[in-house]
Ligand SMILES: Cc1cc2nc3c(=O)[nH]c(=O)nc-3n(C[C@H](O)[C@H](O)[C@H](O)COP(=O)(O)OP(=O)(O)OC[C@H]3O[C@@H](n4cnc5c(N)ncnc54)[C@H](O)[C@@H]3O)c2cc1C
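In our numbering, the protein residues as written are 10 to 346.
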């Protein structure tokens, strides 16, 4: 068996979280992970460390504390201004080897996945990818990650007995976002950055936000039609809570309520989510082809004769303006925030 660069005996009982930022704004998934790490650390009596890398990101430190970090390891350098896997992996690897945390959690974002894979190989440890839950045995310090596979048909529990750090990535929305506590403070530990331009083979020329959106991969889609009357904020909130994405029919796209990349249907994206929550949509053929492979379709429409009900597993006859807030309220009640 290949040994990790540091093992169980040397590992320090602490949970590290990669706190991902873009233009100095922390990603929501990182804050969700800090909250989860805080919860697990409280049970085990461990501290939580946020690893924050970037060019000028010190302003985000209090946010990391407010969301659960006890300590922030801060790496600031002009070469960290844009995410490059070489730069971030180099700095993170040195920081991890210096501190030897028992666990390291990352968001399953494009950059988080890229970094996690690279680090796992460098550290010769394992990586539990795209986990849907996490537990920590306070006695042994072993983490148990839950992963679903085979289209959700199998739920596997994974644990690393011998390798450290115990690395895992989590999709946005898997853990609830807790309210920040601005009274929390902690230590800021600067990380020496030994990067040189020659070490970076990736040069970011331009960043196009949103171009990477791929609705076809979304496990949950909350789709709004003309019937939502442009209120996509409620749908966005719902999609975030369900760990999914927002889609739309053609009319709201044509009317400029939402970007074209989110149009579902014949001239949009064809998807096969586990769940499609279809709100205020009549069920025209051009739209239905985009969701007919969904595992479960729930349709909400105030017209009992709406065509969409013929394609739905669950039919809710009602006004989206009443039904959606009620669903959100229930989700908040059950997630505790
Ligand atoms: C060549 C071609 C390609 C096309 N490609 C696409 C495509 O890719 N995707 C696509 O979506 N469309 C496409 N269309 C358009 C498509 O034919 C339909 O016109 C469109 O899907 C209708 O969108 P809708 O259901 O949101 O609107 P509508 O048909 O106007 O339906 C709105 C629905 O909302 C309900 N509603 C209204 N208010 C409420 C409320 N308060 N609460 C609950 N329900 C309410 C109504 O009862 C109604 O059923 C295409 C058309 C053509 C000709």
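Note that CB positions come from ideal geometry on N, CA and C, so glycine has one too.
All values reported here derive from a predicted model rather than from experimental measurement.
Proximity test, residue 291 beta-carbon vs ligand 1 heavy atom, cut-off 6 Å: Here residue 291 is taken as the residue at index 282 of the chain shown, counted from 1. True, at least one ligand heavy atom lies under 6 Å from that Cβ.
C-alpha distance - residue 15 paired with residue 263, whole-angstrom precision: One-based indexing of the chain shown puts residue 15 at position 6. One-based indexing of the chain shown puts residue 263 at position 254. Taking the straight line joining both Cα atoms gives about 56 Å.
Counted within 10 angstroms of its Cβ, other Cβ atoms place residue 61 as buried (16 or more) or exposed: The sequence position of residue 61 within the chain shown is 52, counting from 1. Classification of residue 61: buried, given that the 10 Å Cβ count is 16 or more.
Distance cut-off 6 Å: residue 263 Cβ against heavy atoms of ligand 1: Translated into positions along the chain shown, residue 263 becomes position 254. Not under cutoff, so the answer is no.
For residue 39 and residue 26, believed in contact at Cβ under 8 Å, the rounded distance: Reading the chain shown from its first residue, position 17 is the one you call residue 26. Reading the chain shown from its first residue, position 30 is the one you call residue 39. The Cβ separation is near 7 Å, so the contact holds.
Distance CB(residue 234)-CB(residue 289) smaller than 7 Å: The residue given as residue 234 occupies position 225 in the chain shown. The residue given as residue 289 occupies position 280 in the chain shown. It is a contact, given that the beta carbons lie within the stated cut-off.
Beta-carbon gap between residue 250 and residue 340 smaller than 7 Å: Counted from its first residue, the chain shown places residue 250 at position 241. Counted from its first residue, the chain shown places residue 340 at position 331. Against a cut-off of 7 Å, the Cβ pair of residue 340 and residue 250 comes out as a contact.
Spatial distance of residue 89 from residue 64 (CA atoms): On the chain shown, position 80 is the one that residue 89 refers to. On the chain shown, position 55 is the one that residue 64 refers to. Using only the alpha carbons, I get a separation of about 5 Å.
Counterpart residues of residue 232 in DSSP-defined beta bridges: As a first step, residue 232 must be located in the chain shown, where it is residue number 223. DSSP output for residue 232 lists 256 and 287 as bridge partner(s).
Where residue 205 falls, given that 16 or more other Cβ within 10 Å makes a residue buried: The count along the chain shown starts at 1 and reaches residue 205 at position 196. Exposed, because fewer than 16 other Cβ atoms sit within 10 Å of the Cβ of residue 205.
Anticipated Cβ contact below 8 Å, residue 4 with residue 137, distance rounded: One cannot answer for residue 4 here, as it falls past the ends of the chain, which runs 10 to 346.
Ranges of the beta strand (DSSP E) found wholly within the region 130-208, counting only runs of at least 3: 136-140, 142-145, 152-158, 163-168, 175-179 and 196-199
Distance between residue 154 and residue 135 (C-alpha atoms, nearest Å): The residue labelled residue 135 in the question sits at position 126 within the chain shown. The residue labelled residue 154 in the question sits at position 145 within the chain shown. One C-alpha to the other measures close to 12 Å.
Top-ranked residue by Cα proximity to residue 53, from 112, 12 and 311: Along the chain shown, one-based indexing puts residue 53 at 44. Checking every option, the nearest Cα to that of residue 53 belongs to 112.
For residue 105, the nearest candidate out of 129, 315 and 338 (CA to CA): Locating residue 105 in the chain shown gives position 96, where the first residue counts as 1. Checking every option, the nearest Cα to that of residue 105 belongs to 129.
Beta-carbon proximity check, residue 254 vs residue 227, cutoff 7 Å: Stepping through the chain shown from its first residue, residue 254 is reached at position 245. Stepping through the chain shown from its first residue, residue 227 is reached at position 218. In this structure, residue 227 lies closer than 7 Å to residue 254 by Cβ.
DSSP three-state assignment for residue 58, whether helix, strand or coil: For the purposes of this step, residue 58 is identified with residue 49 of the chain shown, where counting begins at 1. Three-state DSSP puts residue 58 in a strand.
Reduced DSSP secondary structure (H/G/I, E/B, other) of residue 17: Taking the first residue of the chain shown as position 1, residue 17 is located at position 8. Reduced to three states, the DSSP call for residue 17 is coil.
Of the listed residues 309, 303 and 69, nearest to residue 330 (C-alpha basis): One-based indexing of the chain shown puts residue 330 at position 321. It is 309 whose Cα lies nearest to the Cα of residue 330.
DSSP state of residue 282 mapped onto helix, strand, coil: Counting from 1 along the chain shown, the entry for residue 282 is found at position 273. DSSP places residue 282 in coil when its eight states are reduced to three.
Nearest-angstrom Cα separation, counted from residue 276 out to residue 124: Within the chain shown, the letter at position 115 stands for residue 124. Within the chain shown, the letter at position 267 stands for residue 276. Straight-line Cα distance between these residues: approximately 35 Å.
Cβ-heavy atom distance, residue 212 to ligand 1, below 6 Å: For the purposes of this step, residue 212 is identified with residue 203 of the chain shown, where counting begins at 1. No, the beta carbon of residue 212 sits no closer than 6 Å to any heavy atom of ligand 1.
Through-space distance from residue 243 to residue 22, alpha-carbon basis: The count along the chain shown starts at 1 and reaches residue 22 at position 13. The count along the chain shown starts at 1 and reaches residue 243 at position 234. Each residue's alpha carbon lies about 40 Å from the other.
Reduced DSSP category for residue 304 - H, G, I as helix; E, B as strand; rest coil: Locating residue 304 in the chain shown gives position 295, counting from the first residue. It is coil, neither helix nor strand.
Cβ-Cβ separation, residue 76 to residue 44 (assumed contact under 8 Å), whole Å: As a working mapping, residue 44 is identified with position 35 in the chain shown. As a working mapping, residue 76 is identified with position 67 in the chain shown. Rounded, the Cβ-Cβ distance is 6 Å, consistent with contact.
Delimiting residues of the alpha helix (DSSP H) encompassing residue 52: In the chain shown, residue 52 corresponds to position 43, counting from 1. Per DSSP, residue 52 belongs to the alpha helix (DSSP H) from 37-53.
One or two residues paired with residue 81 in a DSSP bridge: Along the chain shown, one-based indexing puts residue 81 at 72. According to DSSP, residue 81 bridges with 59 and 197.
Beta bridge counterpart(s) of residue 323 as assigned by DSSP: Here residue 323 corresponds to residue number 314 of the chain shown, with the count starting at 1. Residue pairing of residue 323 in beta bridges, as defined by DSSP: 307.
Unbroken beta strand (DSSP E) run spanning residue 116, endpoints: By 1-based counting over the chain shown, the position of residue 116 is 107. First-last of the beta strand (DSSP E) with residue 116: 110-116.
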